[in-house]
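Everything on this sheet refers to the single structure shown next.
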Amino acid sequence: SGAVETLMRPVTPRLRTVAIQVPVLVGATMLLSMVTKNVGALAIMMPVALQIARRTGTPPAALLMPMATAAMVGGVVTLVGTAPNIIMSRVREELTGKPFGMFDYTPVGLGICAMTLLYLTVGWRLLPGGRKGVSSMEAAFNMGHYTLEARVPEGAEAVGMTVAMLTALGEDEVQISAILPRRGEESLIADGGGIAALAADASVGLANPNHCLAVGEGVMLRGEAAELERLVAVAGLMLAGAGPVIGAPDTDADDLRVVEGVVTGDSPLVGRTPAAMTLRTRHGFSLLAISRRGKEQLRDRIAQMRLRVGDVVLLRGIAATMPDKLGELRILPLAERAVALGRGKR
Numbered sequence: 001s002g003a004v005e006t007l008m009r010p011v012t013p014r015l016r017t018v019a020i021q022v023p024v025l026v027g028a029t030m031l032l033s034m035v036t037k038n039v040g041a042l043a044i045m046m047p048v049a050l051q052i053a054r055r056t057g058t059p060p061a062a063l064l065m066p067m068a069t070a071a072m073v074g075g076v077v078t079l080v081g082t083a084p085n086i087i088m089s090r091v092r093e094e095l096t097g098k099p100f101g102m103f104d105y106t107p108v109g110l111g112i113c114a115m116t117l118l119y120l121t122v123g124w125r126l127l128p129g130g131r132k133g134v135s136s137m138e139a140a141f142n143m144g145h146y147t148l149e150a151r152v153p154e155g156a157e158a159v160g161m162t163v164a165m166l167t168a169l170g171e172d173e174v175q176i177s178a179i180l181p182r183r184g185e186e187s188l189i190a191d192g193g194g195i196a197a198l199a200a201d202a203s204v205g206l207a208n209p210n211h212c213l214a215v216g217e218g219v220m221l222r223g224e225a226a227e228l229e230r231l232v233a234v235a236g237l238m239l240a241g242a243g244p245v246i247g248a249p250d251t252d253a254d255d256l257r258v259v260e261g262v263v264t265g266d267s268p269l270v271g272r273t274p275a276a277m278t279l280r281t282r283h284g285f286s287l288l289a290i291s292r293r294g295k296e297q298l299r300d301r302i303a304q305m306r307l308r309v310g311d312v313v314l315l316r317g318i319a320a321t322m323p324d325k326l327g328e329l330r331i332l333p334l335a336e337r338a339v340a341l342g343r344g345k346r
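Each residue of the sequence shown is one higher than the one before, counting from 1 in this note's numbering.
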């Protein structure tokens, strides 16, 4: 449901060292395991820990092993924390006619939790160093940051937010490189703290942090796919190209697919824009995001970006026709990896 992520969001930017990460995650896991099964508590907290480990470069084992211990220890505080507590309560009821109460374990359990927390706060240093897990496909490809265009629809959480507030909502993991106002207006970027028109030779800069977002405006976002997906969902933004499929507006979401591919040297897209190629109307593809190596910041609208050889693109289209269409466009699909951007929530 995202409740744990929402609760942890104000804290996670401050968890920059292992010495801080371990006691906070251990304490949170202990508290959660007191009111639910210890295995479930660990499963809920693992994505948060892995996200923190990825952002800060912390070895996952340094967080997950103490958290596993915390989940087991936290379970002894209440009756529902772990299955053996319930079993012993039933045995006692059969023998004496009176089961254990919800908090009968608490006096002993809290003492054990306190000692365990103190030990794990320093004990994580005893874990063997230099151990690396198996590299994932995502790490192997390491495509870096994507750039995408998103709109502020009516009723979105982002309406009325400043650029600085939206950046904070993305935990400073997503960069807002430009504001795209309603059609016919000029793009805005920072210019010495003021607002200036975005010209072809404009200096690289962030969007003015004090600019308030209004309905219909767009933002150019840059970051990792997972961070972009989270910010788009939390802020209620609408991806450019995420609307109904042209020519098949009633297509079910299960029939759509988001593919990640590389623009090859003989692709007809090289040097041309998606708009000029009528990518959406002729080929049935929506271009969701672009990843380009180097420090260049992409600020043009997605449909107006000229593609280059080696660009990594996120395309959305009908799964049944996608292989043939990718062949026509000479786009090399990458190995399957967990890119959920543009797929929507199920």
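Virtual Cβ for every residue (Gly too), placed ideally from N, Cα, C.
These figures come from a predicted structure and were not determined experimentally.
_Just verifying my parser: in three-state terms, what is the DSSP assignment at Gly192?_
Because Gly192 carries a pLDDT of 34, less than 50, the predicted location of this residue cannot be relied on, and the following value inherits that uncertainty. The answer is coil: DSSP assigns Gly192 none of H, G, I, E or B.
*Indicate the three-state DSSP secondary structure (helix, strand or coil) for Ala156 in the structure shown.*
coil
*For Met88, which three-state DSSP category applies?*
helix
*asked:* To the nearest angstrom, how far is the alpha carbon of Val259 from that of Pro333?
replied: Val259 and Pro333: Cα-Cα distance of roughly 7 Å.
*Which one or two residues does DSSP pair with Arg272 in a beta bridge?*
For Arg272, which the question treats as bridged, DSSP gives no partner whatsoever.
*Straight-line Cα distance separating Gly223 from Glu173*: 6 Å
_Assigned secondary structure, Thr56 (DSSP; H/G/I helix, E/B strand, else coil)_ = In the displayed model, Thr56 falls within a helix according to three-state DSSP.
*Excluding the five sequence neighbours on either side, which residues of its own chain have a C-beta within less than 8 Å of the C-beta of Ile290, listed in chain order?*
Tyr146, Thr147, Leu148, Leu298, Ile302, Met305, Leu307, Asp311, Val312, Val313, Leu314
*Touch test, the segment 53 to 66 against the segment 154 to 165, Cβ-Cβ under 8 Å, three pairs minimum*: Result no; under three Cβ-Cβ pairs closer than 8 Å.
*asked:* Using the Cβ count rule (16 or more neighbours within 10 Å means buried), how would you classify Ile87?
replied: Burial state of Ile87 is exposed, judged by a 10 Å Cβ sphere holding fewer than 16 other Cβ atoms.
_Per the DSSP calculation, Leu25 is bridged to which residue(s)?_
Answer by DSSP bridge pairing: none, since Leu25 is not bridged.
*In terms of DSSP beta bridges, what is Met45 paired with?*
Answer is none; Met45 lacks a bridge partner.
*Sequence-distant residues of its chain with Cβ nearer than 6 Å to Ala214 (five each side left out)*: none
*Which first and last residues belong to the beta strand (DSSP E) in which Tyr146 is found?*
146 to 151
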